[in-house]
Each structure stands twice: as structure tokens, then as C-alpha cells.
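**Student:**
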Amino acid sequence: MTLIVCPDPDSAARLLADAIERAVTVQPRLVLGLATGRTPGRAYRDLVRRQHLDPGLTFRNVTTFNTDEFVGMPPEDPRSARFFMNTNFFRLVDIRLENTHVPRGDAVDLSLECQAYDQLIAARGGLDLVVLGLGHNGHVGFNEPGSSARSRTRIVDFTESTLAALSDGARFANLEQTPSSALTLGMGTILEARHVMLIATGISKAQSVHRMFDGRQGPAVPASLLLGHPKLSVVVDSDAASALRNPGVDIEYV
Ligand code: GLP
Numbered sequence: 005m006t007l008i009v010c011p012d013p014d015s016a017a018r019l020l021a022d023a024i025e026r027a028v029t030v031q032p033r034l035v036l037g038l039a040t041g042r043t044p045g046r047a048y049r050d051l052v053r054r055q056h057l058d059p060g061l062t063f064r065n066v067t068t069f070n071t072d073e074f075v076g077m078p079p080e081d082p083r084s085a086r087f088f089m090n091t092n093f094f095r096l097v098d099i100r101l102e103n104t105h106v107p108r109g110d111a112v113d114l115s116l117e118c119q120a121y122d123q124l125i126a127a128r129g130g131l132d133l134v135v136l137g138l139g140h141n142g143h144v145g146f147n148e149p150g151s152s153a154r155s156r157t158r159i160v161d162f163t164e165s166t167l168a169a170l171s172d173g174a175r176f177a178n179l180e181q182t183p184s185s186a187l188t189l190g191m192g193t194i195l196e197a198r199h200v201m202l203i204a205t206g207i208s209k210a211q212s213v214h215r216m217f218d219g220r221q222g223p224a225v226p227a228s229l230l231l232g233h234p235k236l237s238v239v240v241d242s243d244a245a246s247a248l249r250n251p252g253v254d255i256e257y258v
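Using the working numbering, read the sequence shown as starting at 5 and increasing by one per residue.
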């Protein structure tokens, strides 16, 4: 596993964009797992810029699977993960929209939607690379504390602290408007990806990064389950790394 500490959020995003660009160049038919969020969003914007500068960089044959979607949220709702991905990445590069997948939070049969999502990933040969952000309570995707390492795509109810974080006004105006659950790629599906990359920046992520590395590995901090993956790369900035004590891995400073 690699733990890379960058000086600031932009250089962390650049490093993630570098890795995605390399993966797509080496493997044009890459099957890529993607998270939403401000932090990975910076890397997507960087990739959009790169493609405009270098037409040789192409996403034409890439297939993507997003990690989560809010239950009840139609894709055209500006607060949905689908809308975020379309407006921040998919519609700005040459990827074929039909090769991009986000679970439908407004599906009539949500369990069927989850099963079909995992089946589709398996039919595409599994994820080559999955890009993750980090939640304030150590969640990845929307695998909240308590998620098992073998969990599959499913409905997860938000914890009180996630509800509070989501209803801070940035996306959802208040608790009443905040969905109470999401569909999320399971930890099992994430751990089966051939390469896992997690990005966390800013002081607000310092405690989660600390709990991921310095605490006991287990479902209480879902991100810590990633430490068991044979090919994990974690990219943080110095603020997010500031509470690390004894991570037990070599840190690379770039
Ligand atoms: C939510 C999403 C995750 C994302 C995380 C971090 O919890 N479900 O996929 O990684 O937020 O988002 P941000 O980078 O905006 O802090």
C-alpha cells in the first residue's frame, strides 16, 4: 500500500488525475469505479482540462460505475450523484454516456437495482480501478460504520452524523429535505477491484484519516477495511494527514 502526502488539495487532485490518465492510457477499455464529492471532483475537473489540452487522451472506451446514489433521487435532480457526474465529468469529456453507470435511486425495485448493478460490474469483468473519497465518519461510498467487508451493493440508512453533514445547506437545505438512505456499492465489491485509490484532503478529514490508519481495522471505520487490499493507494494533503500518529506504513511526501 502507498500513502502519499501532498502539500495541498490541488496537488493531491493532480496526482489522482495522473493515475487515472495513466490507467486509461495503458488500458483504454478501463472499468473505472468513481465517487462523487468535492475532493474527487477536483481530479475530474483536472482530467477535463487535460483532455482539452491533449486530444490523445480519450475516455471513449472506458466504462464507469459510480459508488452511490441517494434513494428516491431521480437522475435529473441537481442534487443526485448522476447529475454531479454528468455536469462535472461525463458531459465534458468524450466518454459515451451509455457506458457510465450510476445506480438508480428512484428505481421501483431497489433490491433488484442493487443486484443488477453488481451483476453488470461482474459481467464487465469487475472494476480495474476504483476511486474513493472519505466520509467524515470513515465511510466509503455510502458504506456507513458497521458495513462488513463482504457487503454487496445495497440500501444503507444514514447515521445521525451523516444526516447532519448532508443537511448542512450545501446540497440539502435542511434535515427534512435530506434523503435518509442511499444505494451504495458494497465493501466486498470495492475490495474486489484490482486497484483501490482513496483521496482525502482538508483538515475536516484529519480525524477520519487518523481513524483509518491508527485505529483498529474493522467495520466501525469502513475505510480501514481497505487496508487489507493488496493494491491500495491513499492520497492525502498535509492537512488531512495532520492527525496521523503511527500509520504503520511508509509515507511518501511529494
Ligand atoms: C459522500 C459520498 C462519498 C464521498 C464523500 C466525500 O459521503 N457518498 O462518495 O467520497 O462524500 O465527499 P467530499 O469529497 O465532498 O468530502
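Every residue gets a Cβ at the ideal spot worked out from N, C-alpha and C, and that includes glycine.
Quantities reported herein were computed from a predicted structural model and do not represent experimental measurements.
Is T62 near the ligand GLP, with its Cβ less than 6 Å from a heavy atom?
**Tutor:** The residue labelled residue 62 in the question sits at position 58 within the sequence shown. Answer for T62: no, Cβ out of range of the ligand GLP.
**Student:** Distance check for L187 and R158, CA to CA, integer angstroms please.
**Tutor:** As a position in the sequence shown, residue 158 is number 154, starting the count at 1. As a position in the sequence shown, residue 187 is number 183, starting the count at 1. Cα to Cα, the separation comes out at about 5 Å.
**Student:** What separation, rounded to the nearest whole angstrom, lies between the Cα atoms of D12 and S152?
**Tutor:** Along the sequence shown, one-based indexing puts residue 12 at 8. Along the sequence shown, one-based indexing puts residue 152 at 148. Distance from the CA atom of D12 to the CA atom of S152, rounded to whole angstroms, is 32 Å.
**Student:** Which residues in the same chain have their Cβ closer than 7 Å to the Cβ of T182, if we skip the five residues on either side of it in sequence?
**Tutor:** To locate residue 182, count along the sequence shown from 1; it is residue 178. Closer than 7 Å at Cβ, skipping near neighbours: L167, L170, S171, F176.
**Student:** Compare the C-alpha of V97 against each of T193, Q119, L61 and name the closest.
**Tutor:** Here residue 97 refers to the residue found at position 93 of the sequence shown. That would be L61, whose Cα lies nearest to the Cα of V97.
**Student:** Any heavy atom of the ligand GLP closer than 6 Å to the Cβ of F146?
**Tutor:** Taking the sequence shown and counting its residues from 1, one reaches residue 146 at position 142. Shortest gap from the CB of F146 to any heavy atom of the ligand GLP: under 6 Å.
**Student:** Return the CA-CA distance between R49 and F93, expressed in angstroms with no decimal places.
**Tutor:** The residue you call residue 49 lines up with position 45 of the sequence shown. The residue you call residue 93 lines up with position 89 of the sequence shown. Spanning the two alpha carbons is a distance of roughly 7 Å.
**Student:** Any chance the segment 205-223 sits against the segment 95-111, with 3 or more Cβ pairs inside 8 Å?
**Tutor:** no
**Student:** May I have the straight-line CA-CA distance separating S165 from S228, to the nearest angstrom?
**Tutor:** Indexing the sequence shown from 1 puts residue 165 at position 161. Indexing the sequence shown from 1 puts residue 228 at position 224. The alpha-carbon atoms of S165 and S228 are separated by roughly 18 Å.
**Student:** Would you say the beta carbon of A39 is closer than 6 Å to some non-hydrogen atom of the ligand GLP?
**Tutor:** Taking the first residue of the sequence shown as 1, we reach residue 39 at position 35. Yes, Cβ of A39 sits closer than 6 Å to a heavy atom of the ligand GLP.
**Student:** Is there at least one non-hydrogen atom of the ligand GLP closer than 6 Å to the beta-carbon of T104?
**Tutor:** Sequence index remark: in the sequence shown, residue 104 carries index 100 (1-based). Result no, Cβ not under 6 Å from the ligand GLP.
**Student:** If we call anything under 7 Å between Cβ atoms a contact, is T205 one with T43?
**Tutor:** Taking the first residue of the sequence shown as position 1, residue 205 is located at position 201. Taking the first residue of the sequence shown as position 1, residue 43 is located at position 39. The answer is yes: Cβ separation under 7 Å.
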